[in-house]
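*Asks:* The structure that follows is given in the form of structure tokens.
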Amino acid sequence: MRISELVERTGVPLATVKFYLRQGMLPPGEAVSATRAEYGEAHVRRIGLIRALSDVAGLPLGRVKDVLDLIDEPGGEAADQGQDGGGGLPDTGLPDTGLFDALGQAVAALPPYLEDAQPPFPRAEAAIAAIGQVYDERYAAVAQLERALEAVEAGGIPMTEERLHVYAAHLRAMAEYDLSRMPEDGGREAQLGYAVLGTALYDPVVAALRRLAHQDVAARRLGAPPPPAGAETPKGT
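Counting in full-length UniProt numbering, the sequence shown runs from 1 upward without gaps.
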């Protein structure tokens, strides 16, 4: 397809497509003449991933390019930068496919931002070790967990070993479910887009469902009868 067709297929303005090409975020088309290039489905998928990472997940374009570089060249310069603290994985036993480095960089860029947080994270590391998970201490979620555990301690409801294991078991089941539905076709771009968008979009869903579950369990424990089938549940109860 011509670049005009690529613009029509993706809904992305021509100027933006050309910007992606100049920045190396979008690979060049196949030259068929001195002034014309042909583009294919891979270009459509790549633009879709760029827009998903930038528009939906909210990653800055600089980080989006780093992620794309890790997909294209798992052992390249972007991966080396990741090993120096940009989100790449050290020797943790995880598969060295480039997808994990890219996912680490992508998710690390999602809010809440913790760029000032530096290891060690003693509370988080102890909790993760207790449930036996493999992790990278530079992954943004480790710093987030450290601050969250510090907050629950300060609030007088510290994380107990029992609560930790109950939470971990259910959250792992959710992760297993999510990743079992990762697309098998479309390559790393499709897998990365699924994983990052799933994290960005479903975190608020999980939080809301947990709060609603608390409301339901509390009401039942206090003896409130369940609402009749099809009846509207009163708000604030």
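Quick reminder that beta carbons are idealized off the backbone N, C-alpha and C, glycines included.
Report all residues from its chain with a CB closer than 8 angstroms to the CB of residue 44; omit the five preceding and five following residues, and keep chain order.
*Replies:* Mapped onto the sequence shown, residue 44 falls at position 44. The beta carbon of residue 44 sits closer than 8 angstroms to the beta carbons of 6, 9, 10 from its chain, once the five residues preceding and following it are set aside; these are given in chain order.
*Asks:* Excluding the 5 residues preceding and the 5 following residue 12 in the sequence, name in chain order all residues of the same chain whose CB lies nearer than 6 angstroms to its CB.
*Replies:* Walking along the sequence shown from the start, residue 12 turns up at place 12. Around residue 12: 47.
*Asks:* Could you name the residues of the same chain whose beta carbon sits closer than 8 angstroms to that of residue 121, not counting the 5 residues immediately before and after it, in chain order?
*Replies:* One-based indexing of the sequence shown puts residue 121 at position 121. Excluding positions up to five away in sequence, the list reads 137, 142, 143, 145, 146.
*Asks:* Could you name the residues that DSSP lists as bridge partners for residue 38?
*Replies:* Locating residue 38 in the sequence shown gives position 38, counting from the first residue. Its beta-bridge partners are 30.
*Asks:* Please state the DSSP three-state secondary structure of residue 57.
*Replies:* Translated into positions along the sequence shown, residue 57 becomes position 57. If DSSP states are grouped into helix, strand and coil, residue 57 belongs with coil.
*Asks:* Would you call the stretch 19-29 and the stretch 157-170 in contact, with 3 or more CB pairs under 8 angstroms?
*Replies:* By the criterion of at least three beta-carbon pairs nearer than 8 angstroms, the stretch 19-29 is not in contact with the stretch 157-170.
*Asks:* Evaluate residue 36 with the Cβ neighbour count: other Cβ atoms within 10 Å of its Cβ, from every protein chain shown; 16 or more gives buried, anything less gives exposed.
*Replies:* The residue labelled residue 36 in the question sits at position 36 within the sequence shown. Burial call: exposed.
*Asks:* Measure the C-alpha to C-alpha separation of residue 171 and residue 23 and round it to an integer number of angstroms.
*Replies:* If you number the sequence shown from 1, residue 171 lands on position 171. If you number the sequence shown from 1, residue 23 lands on position 23. In a straight line, the C-alpha of residue 171 is about 38 angstroms away from that of residue 23.
*Asks:* Cutting at 6 angstroms between CB atoms, please list the residues of its own chain near residue 49, excluding the five before and the five after it.
*Replies:* Working through the sequence shown from its first residue, we reach residue 49 at position 49. 189, 193.
*Asks:* Does DSSP put residue 168 in a helix, in a strand, or in coil?
*Replies:* Working through the sequence shown from its first residue, we reach residue 168 at position 168. Of the three classes helix, strand and coil, the one that applies to residue 168 here is helix, per DSSP.
*Asks:* Residue 177: buried (16+ other C-beta within 10 angstroms of its C-beta) or exposed?
*Replies:* In the sequence shown, counting from the first residue as 1, residue 177 sits at position 177. That one is exposed.
*Asks:* For residue 160, tell me which candidate among 215, 130, 60 has the shortest Cα-Cα distance.
*Replies:* As a working mapping, residue 160 is identified with position 160 in the sequence shown. Checked all of 215, 130, 60; the closest Cα to residue 160 is 130.
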